[in-house]
Amino acid sequence: MRRKIPSLQALACFEAAARHESYTRAAQELAMTQGAVSRQITSLEEFVGVPLFRRTRHGVVLTERGADYAAQVAPRLLGLEQDTLSVMAPQGRSASVHLAAVPTFATRWLIPRLASFKAVQPELTIHIETQTRPFMFADTPFDAALYCGTPEQVANWAGTHALRLLSEDVLPVCSPQWLPQGKPLSPQAIAALPLLQQSTRPMAWRQWFDAMQVADAPMALAGPRYELFSMTAAAAASGLGLALVPRLLVEAELARGELVIACDAPLQGERAYYLVWPERTDERAALGAFRQWLQAELAI
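Written out as structure tokens, the structure is:
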């Protein structure tokens with residue numbers, strides 16, 4: 001029986017155009033011409049019998065049906081890609097764990113420790129992709145996630161189990177140039193200095209000053225904003241200002257002297273790092289081995 005499925009190329013063009021809401025940017029990503037992308041999407045619209053995009057003076061926007069379809073197509077294309085890569089992998093190396101992870105924790109904490117994991121599990125491969133928000137595991141190829149959030153956020157992640165790994169205590173760090181005498185700064189002194197902001201934590205400095213009982217902190221919400229902790233740490237090491245970051249993510253910079261602790265008064269918040277995995281009875285042995293290694297690494 002012939003399946004009622006459009007061409008993969010048409011679906012790939014649609015997914016990219018839906019993500020960018022632009023045929024031009026989709027064409028750039030796929031190394032195609034804008035006209036070729038447009039023709040593929042037109043053929044897809046003819047196939048499904050409904051308009052997927054609405055043309056405007058400023059470009060294209062998804063129709064309601066198009067948005068629903070895009071939400072279904074994207075994870076299936078990703079899953080198909082991962083299945084294909086698994087088949088292409090050499091035999092005997094197929095045991096793997098596909099992780100979604102918050103990026104800086106993955107690069108600063110997990111990846112430097114994977115050599116020790118490889119030593120005890122040489123036949124198991126860890127794949128890592130960036131993901132910062134909760135998602136439905138059924139719609140993705142992920143086996144587990146390394147997630148940073150509050151206990152409430154983790155509890156509200158439907159259909160999952162969670163293992164608390166590490167607390168997230170943040171403290172002010174800066175380039176040594178901000179401490180010419182080598183002495184730490186008071187919270188009151190920090191309040192008058194340039195502060196670097198984490199775009200995902202817009203109230204972080206305000207919360208730290210409140211914990212330090214500093215009411216007059218006019219710069220608490222001001223300053224350049226960076227999306228990732230790694231960006232904020234790099235900006236601080238470059239002397240652009242003071243950053244409020246989890247110590248566990250800047251241990252290397254502190255050890256090398258690129259960053260110093262401006263005030264050793266960490267803010268102990270609710271957030272922590274968790275391993276999250278879906279509830280199901282057929283848990284893969286590879287995921288169990290990875291979780292056991294994490295527990296041994298952290299002695300939890």
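Numbering follows the UniProt record's numbering, in which position 157 of the sequence shown is assigned residue number 157; successive positions increment by one, without gaps. For each residue, glycine too, the CB sits at the ideal point set by N, CA and C. Computed from a prediction, not measured in an experiment: that's the story for all the values here.
Contact holds between the stretch 188-204 and the stretch 232-250, because three or more Cβ pairs, one in each stretch, are under 8 Å apart.
Ala222 counts as exposed, since fewer than 16 other beta carbons sit within 10 angstroms of its beta carbon. For Val154 against Val60, the beta-carbon gap comes to about 37 Å, at or over 8 Å, which does not count as contact. When DSSP states are grouped into helix, strand and coil, Trp157 belongs to the coil group.
The Cβ-Cβ distance between Phe47 and Pro103 does not fall below 7 Å. Membership of Glu297 in any beta strand (DSSP E) is not indicated; the residue belongs instead to the alpha helix (DSSP H) covering 285-298.
Boundaries for Leu8: no beta strand (DSSP E) harbours it, while the alpha helix (DSSP H) harbouring it runs 8-20, taken from the DSSP string.
The beta-bridge partner set that DSSP reports for Ala101 consists of Thr130, Leu146.
At least 7 Å separates the beta-carbon of Arg256 from that of Leu171. Per DSSP, Arg39 is one residue of the alpha helix (DSSP H) stretching across 34-48.
Every beta strand (DSSP E) of 3 residues or more that sits fully in the stretch 207-262 is shown, in chain order, as 243-246. Note on Thr130: under 16 other CB atoms within 10 angstroms of its CB, so exposed under the neighbour-count rule. Between Thr42 and Pro51, the CB-CB gap reaches or exceeds 7 Å. DSSP links Arg54 through a beta bridge to Val61. Only residues of its own chain outside the window of five on either side were considered, and among them Leu165, Leu166 have a CB closer than 8 Å to the CB of Leu298, listed in chain order. Sequence-distant partners of Leu193 (beyond 5 residues in either direction) whose C-beta falls short of 6 Å from its own C-beta, in its chain, are Leu242. Here Leu80 is exposed: its Cβ has fewer than 16 other Cβ atoms, across all protein chains shown, within 10 Å.
Ala162 has Val276 as its beta-bridge partners, per DSSP. Taken atom to atom, the span from the alpha-carbon of His20 to that of Ala36 is near 16 Å. Between Val73 and Ala286, the gap from beta carbon to beta carbon reaches 7 Å or more.
By the Cβ neighbour-count rule, Thr232 is buried, with 16 or more other Cβ atoms within 10 Å of its own. Secondary structure of Gln198 (DSSP, three-state): strand. Three or more Cβ pairs drawn from the stretch 141-154 and the stretch 262-273 lie within less than 8 Å of each other, which places the two stretches in contact. Distance between Ala17 and Ala289, taken at the CA atoms: about 39 Å. When only Cα atoms are considered, Ala27 and Phe14 end up about 10 Å apart. In the DSSP annotation of this structure, the continuous segment of the alpha helix (DSSP H) that includes Phe117 starts and ends at 114-120. DSSP places Gln188 in the uninterrupted alpha helix (DSSP H) bounded by 187-190. Counting every other CB atom within 10 Å of its CB across the protein chains shown gives Ser238 a total below 16, marking it as exposed. When Cβ pairs closer than 8 Å are counted between the two stretches, the stretch 128-145 is seen not to touch the stretch 249-264, the count staying below three. For the pair Ala217 and Ala191, the CB atoms are nearer than the 7 Å cut-off.
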